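Numbering (our numbering), first residue to last: 1 to 566.
Glycine included, every Cβ here is placed at the ideal spot set by N, Cα and C.
What you are looking at is a predicted structure, and each value in this text was computed from that prediction instead of being measured.
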């Protein structure tokens, strides 16, 4: 452009030249300004191009991260629906109505759970990597929560797919006992989860997985396996100083000992958990430990004064908790207190507490929930204690009808309600009682097999009817079968075994076999002492029966010696 300006100034035709020097200088200024703006425009254009490229790159990266989050959520598909066909095959092949009904109840629940799992994982991933609304620590806690959920449901699916009878019996309960999947999507609840801060995420995933697997095994009634998972985990958590995790696993270990009838061990564990939780500010866990101690120490070990002390501890912890936690813990505490007052013979107070428990459970669980039915049966038991048999029968029939509606008439849980009703009816109608016990026995045999320890309850009950009617041969056979199924399934020191030994001892005693009776009573006393402690009233009663049988045996032996001497 400078050359063109000079060529015009030197043109041969004077008319083509610049009219003046001022015109030439003005042209130079205009060209400099235009050139400057061209440079600015070029720079700005470059910036815009770079910005566009960056924005495009960012957009591509954002879409890539979003896609990665979506793909990560699909990993749940390797669990469900990957194993859906196996589960459906087991359910459809069953001859049991309550198992087949799981296709229309349990399977849709697992479908809904899997969808929610994927949604929460996607949202947490996008919040951390796309939107930046949560930090990495929060994301890890969500991931651990989801991992725990997955392990729990995976254990359920594994057991159901194998056709495990107890898992099929308790499958809805196993799923319901998991923390709600929505917990993993709630920042406040995720923050409250008992997950320790560790650098090794593999270690954390492993311990959380073992904890939830142990819980699922407990729900399936596989207490030995659950304890084998949980006890080393408790030691590991305590050695590392992971208080929240140690407390939660401790609650599980204590409950498992109680499930196995190891009440003294359960009390030791739960006492430690209560004080550990209280020291760490974990009020909910402390309240749970206290509530369980009301039942285990106060009722199972027949130490009502200790149970009442634990009820005060539980109420103190509940006073520091929010309304939701109070709703979940309240029925457990009220129920335990009711059992203590029943043990003390205060039937009026026991009925009042159980009625409050019933009202709370109806509000939170619905009118037909199995826990509501169980509370009705407990009310009936108190009415039996006070001699109000008509009231007891009415409540037991309501509970049975409720369970038949919610679980089906062939579910093993129905058997307990049938036995309760039969025990009340037996006072006036032995024939009807036998029919109810027979139905309970058939239900258990079909659902759990002929050797399950739950069969012992109706077996011993029918045998007791035979004893009253003087049919000792039949009573002996039924008591012996009840003892056998318990011996094969329960630990050698389980208190239920003491009941079976004592039942069989009664028949030996009634038929004059005092030597056999003494031997069986001795077994019953030894087991009772081991499980319940020497001061338990049930132990005292068995010692009295043993002593009486020994005295008769010694008297008979003395009489034989006198006869021989003569």
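>> According to DSSP, simplified to helix, strand and coil, what is residue 556?
In response: helix
> Where does residue 52 fall in DSSP's three states?
Replying inline: Confidence in residue 52 is poor, its pLDDT being 43 and thus under 50, which makes the residue's placement unreliable; the coordinate value appears in the next sentence. DSSP places residue 52 in helix when its eight states are reduced to three.
> Is residue 535 buried or exposed, if buried means 16 or more other CB atoms sit within 10 Å of its CB?
Replying inline: exposed
> Looking only at C-alpha atoms, which of 110, 310 and 277 sits nearest to residue 245?
Replying inline: 277
> Ends of the alpha helix (DSSP H) at residue 428?
Replying inline: Per DSSP, residue 428 belongs to no alpha helix (DSSP H) and is neither H nor E.
> What's the C-alpha gap between residue 239 and residue 232?
Replying inline: Taking the straight line joining both Cα atoms gives about 11 Å.
>> Helix, strand or coil for residue 101? Go by DSSP, reduced to three states.
In response: coil
> From which residue to which residue does the alpha helix (DSSP H) around residue 493 run?
Replying inline: Taken as a continuous stretch (DSSP letters only), residue 493 belongs to no alpha helix (DSSP H), as it is neither H nor E.
> Which value, in whole angstroms, describes the spacing of the CA atoms of residue 567 and residue 170?
Replying inline: Residue 567 is absent from the model: the chain starts at 1 and stops at 566.
> In or out: residue 287 buried (at least 16 other Cβ within 10 Å) or exposed?
Replying inline: buried
> Which whole-angstrom value describes the C-beta separation of residue 220 and residue 167, a residue pair presumed to lie in contact below a C-beta threshold of 8 Å?
Replying inline: 4 Å
> Do you know how far the Cα of residue 234 is from the Cα of residue 214?
Replying inline: 12 Å
> In chain order, what residues of the same chain lie with their CB nearer than 7 Å to the CB of residue 113, ignoring the 5 residues before and after it?
Replying inline: Setting aside the 5 residues that flank it on each side, residue 113 is surrounded in the same chain by 153 and 181, each with a C-beta closer than 7 Å to its C-beta; the list follows chain order.
> If you draw a straight line from the alpha carbon of residue 259 to that of residue 222, how long is it in whole angstroms?
Replying inline: 10 Å
>> With a threshold of 8 Å on Cβ separation, who are the neighbours of residue 187 within its own chain once the five nearest residues in sequence on each side are excluded?
In response: 134 and 138
> Is it the case that the CB of residue 485 approaches a heavy atom of the ligand GTP more closely than 7 Å?
Replying inline: Summarising the ligand content, the structure contains no ligands, and the ligand GTP is consequently not present.
>> Please report the straight-line C-alpha distance between residue 39 and residue 132, rounded to a whole angstrom.
In response: Only weak support is given to the placement of residue 39: the predicted model assigns it a pLDDT of 45, under 50, and the value that follows is read from those uncertain coordinates. Between residue 39 and residue 132, the C-alpha separation is close to 38 Å.
> Between residue 407 and the rest of its own chain, which residues show a CB-CB distance below 7 Å, the 5 nearest in sequence each way excluded?
Replying inline: 98, 370, 413 and 414
>> So, under 8 Å CB-CB, residue 291 and residue 340 are touching, yes? Tell me the CB distance rounded to an integer number of Å.
In response: That pair is no contact at about 12 Å.
>> Starting from residue 307, trace the alpha helix (DSSP H) in both directions and tell me its first and last residue.
In response: That run of the alpha helix (DSSP H) goes 304-318.
>> Among 397, 545, 263 and 496, whose alpha-carbon lies nearest the alpha-carbon of residue 519?
In response: 545
>> Buried or exposed, going by whether 16 or more other CB atoms sit within 10 Å of the CB of residue 275?
In response: exposed
> Hey, quick one: how far does the alpha helix (DSSP H) through residue 458 stretch, first residue to last?
Replying inline: DSSP places residue 458 inside the alpha helix (DSSP H), whose first and last residues are 456-468.
>> By alpha-carbon positions, which one of 90, 335, 191 and 177 ends up nearest to residue 160?
In response: Residue 90 is the option with its Cα nearest to residue 160.
> Taking Cβ to Cβ, would you say residue 310 is nearer than 8 Å to residue 282?
Replying inline: no
> Counting along the chain, where does the alpha helix (DSSP H) carrying residue 130 start and finish?
Replying inline: Premise fails: residue 130 is in no alpha helix (DSSP H) and is neither H nor E.
>> Once the 5 residues before and after residue 524 are set aside, which same chain residues still bring their CB inside 7 Å of it?
In response: These residues qualify, in order along the chain: 498, 501, 502, 505 and 542.
> residue 32: buried (16+ other C-beta within 10 angstroms of its C-beta) or exposed?
Replying inline: Only weak support exists for where residue 32 lies, its pLDDT of 49 falling under 50; the value from the coordinates is given anyway. With fewer than 16 other Cβ atoms within 10 Å, it is exposed.
> How should residue 578 be labelled, buried or exposed, when 16 other C-beta atoms within 10 angstroms of its C-beta is the threshold for buried?
Replying inline: The structure shown has nothing for residue 578, since the chain only spans 1 to 566.
>> Within 8 Å, do at least three Cβ pairs link the stretch 444-461 to the stretch 172-179?
In response: no
> Measuring CB to CB, does residue 299 end up less than 8 Å from residue 348?
Replying inline: no
> Out of curiosity, what's the CA-to-CA distance linking residue 531 and residue 401?
Replying inline: Separation of residue 531 and residue 401 (C-alpha to C-alpha, rounded to the nearest whole angstrom) is 35 Å.
> Taking C-alpha atoms, which residue in 442, 465, 449 and 203 lies nearest to residue 430?
Replying inline: 465
>> Quick check on residue 134: does DSSP put it in helix, strand or coil?
In response: Reduced to three states, the DSSP call for residue 134 is coil.
> Can you name, in chain order, every residue of its own chain whose Cβ lies under 8 Å from the Cβ of residue 551, other than the five neighbours on each side?
Replying inline: none
> Just curious, the alpha helix (DSSP H) that residue 355 is in, first and last residue?
Replying inline: Here the alpha helix (DSSP H) through residue 355 covers 347-365.
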